[in-house]
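Q:
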Amino acid sequence: MSIGIGVIGAGVMGGDHARTIATAVGGAHLAAIADADQARAAAVASACGGVAVHGDGATLIADPAVDAVLVASPDATHAELVLACLAAGKPVLCEKPLAATAAEAEAILQAETQGGRRRVQVGFMRRFDPAYAAMRARFAAGEIGAAVLLHCLHHNASAPPWFDSAMVISNAAVHEIDVARWLLGQEVTSVSVFAPGDGGAAMRDRLLLVLRMSGGAVVDVGVFVNAGYGYDVRAELVGERGTLTRAPADPVVLRAGGRQGGDFAPDWRAHFAAAYQLQLQAWVRAIRTGEQTGASAWDGYAANLVAAAGIRALHANRPEPVTLPPRPALYR
Ligand SMILES: NC(=O)c1ccc[n+]([C@@H]2O[C@H](COP(=O)([O-])OP(=O)(O)OC[C@H]3O[C@@H](n4cnc5c(N)ncnc54)[C@H](O)[C@@H]3O)[C@@H](O)[C@H]2O)c1
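What the sequence shown shows, in this note's numbering, is residues 125 to 456, in sequence order.
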């Protein structure tokens, strides 16, 4: 039986996910789409072959044609919608971050733990990106020895006008926080944040985060969310015997006019298209088998906790410790 997926949020990500589900995911179909702006939901629904449209998330979650839910509405709405999915016993793939605050993420952990079954996956899609996955596999195979440093770079062409300094960490750098935990298999123990050259500006859109990891590795993350030139994500893992670098996304090198180079994608959708599709396919497989391969609610909670420490570190201008509670049995 094909799994009916309902998508909440018909904006940039929800629209993209809806189209991918409708055209490129086996064993599932798009069953419904909801948005507070019903006209936007209707436009995406009609572009995807005319599925049911709802004006709010609660109605979509209650729709009997919806077997599983993808949450792609703004960060502040995530926790309430994920908790409603858990209450309805429906699997949910929630876009990152899992919640707007660590306290909300903790409430999700508690609800899922009480249910005794993992039903929540978090949309840290880089875990499914073929290049990151290959880096992780080669690191795990011992090709560079123990991890010493991880250099990450996250540049966006531009940030929406409502973005603020905290979101540079909680919404953008949160991807790198998850990459660091997942790639290295270590937890973050402290965060420092530097905002050079911003002269006290309200919006600190160029940050350097330094994460100390439980196994001794150090991770630096450069974030620049209004970089202008395109979407640019890089990673280099330095080990005791060598390095593993994520290759540039454009597989074609242009050489002309005395110069050589490649193109940047305008945003994450083109850059990580394969990762989003593979993430959705793996989620559908996990719903069938019960074996989750993507980021769990625990991973979402850990990322929220680190991001919260990062925001405190930015404001206090000093390193902030991160203390994760013991991992509940459900997530071991
Ligand atoms: N994984 C990634 O790479 C990635 C990239 C971008 C955004 N995101 C995440 O995806 C989510 C959505 O981001 P976006 O860029 O698509 O935003 P967006 O503003 O383009 O779309 C959000 C949509 O949600 C709707 N909405 C608002 N409140 C709602 C509610 N209570 N119920 C139903 N619909 C509601 C809005 O009308 C809008 O259409 C965010 O949490 C963001 O962090 C993830």
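Virtual Cβ for every residue (Gly too), placed ideally from N, Cα, C.
Tell me the DSSP secondary structure of THR225 in three-state form.
A: Coil, per DSSP.
Q: So what does DSSP say about PHE252, is it helix, strand or coil?
A: Three-state result, PHE252: helix.
Q: Could you give the DSSP three-state label for PHE263: helix, strand or coil?
A: Helix, per DSSP.
Q: Quick check: does the Cβ of ARG164 come within less than 6 Å of any heavy atom belonging to ligand 1?
A: Yes, ligand 1 has a heavy atom inside 6 Å of this Cβ.
Q: From the DSSP output, in three-state form, read off VAL246 for me.
A: Three-state DSSP puts VAL246 in a strand.
Q: Would a C-beta distance cut-off of 7 Å place ALA156 and VAL175 closer than the cut-off?
A: Their beta carbons are under 7 Å apart, which means ALA156 touches VAL175 by this criterion.
Q: Mapping the DSSP letters down to three states, classify ARG365 as helix, strand or coil.
A: Reduced to three states, the DSSP call for ARG365 is coil.
Q: Name the DSSP bridge partner or partners of CYS276?
A: Answer by DSSP bridge pairing, in chain order: VAL345 and ALA359.
Q: Exposed or buried, which one is MET125 when buried takes at least 16 other CB atoms within 10 Å?
A: By the 10 Å Cβ count, MET125 comes out exposed.
Q: What residues are listed by DSSP as bridge partners for LEU331?
A: Looking at the DSSP assignment, LEU331 forms a beta bridge with VAL347.
Q: When you compare each of GLY151, GLY150 and GLY173 to GLY139 by their alpha carbons, which one comes out closest?
A: Ranking the options by Cα distance to GLY139, first place goes to GLY173.
Q: For ligand 1, is there a heavy atom less than 6 Å away from the beta-carbon of SER282?
A: Incorrect: SER282 has no Cβ contact closer than 6 Å to ligand 1.
Q: Do you know whose CA, among HIS439, LEU454, LEU448 and ALA398, lies nearest GLU415's CA?
A: Ranking HIS439, LEU454, LEU448 and ALA398 by Cα distance to GLU415 puts LEU454 first.
Q: For LEU274 and LYS220, what's the separation of their Cα atoms in angstroms?
A: Distance between the alpha carbons of LEU274 and LYS220 is about 21 Å.
Q: Taking a cut-off of 7 Å, which residues have a beta-carbon closer than that to any heavy atom of ligand 1, in chain order?
A: Result: ILE132, GLY133, ALA134, GLY135, VAL136, MET137, GLY138, ALA158, ASP159, ALA160, ASP161, ARG164, ASP180, GLY181, ALA196, SER197, PRO198, ASP199, THR201, HIS202, GLU219, LYS220, PRO221, GLY247, MET249, ASN295, HIS299, TRP392 and PHE396.
Q: Would you kindly check if the distance between the Cβ of VAL193 and the Cβ of ARG214 is under 7 Å?
A: Looking at the sequence shown, residue 214 is not Arg but Lys. Yes, these two residues count as a Cβ contact at 7 Å.
Q: Starting from VAL312, trace the beta strand (DSSP E) in both directions and tell me its first and last residue.
A: First-last of the beta strand (DSSP E) with VAL312: 312 to 318.
Q: Roughly how many angstroms separate the alpha carbons of TYR256 and GLU228, rounded to a whole number?
A: Distance between the alpha carbons of TYR256 and GLU228 is about 29 Å.
Q: Please report the straight-line C-alpha distance between VAL190 and ALA427, rounded to a whole angstrom.
A: Rounded to the nearest angstrom, the two C-alpha atoms are 29 Å apart.
Q: Measuring straight from C-alpha to C-alpha, what distance separates GLU230 and ALA437?
A: Looking at the two C-alpha atoms, the distance is approximately 21 Å.
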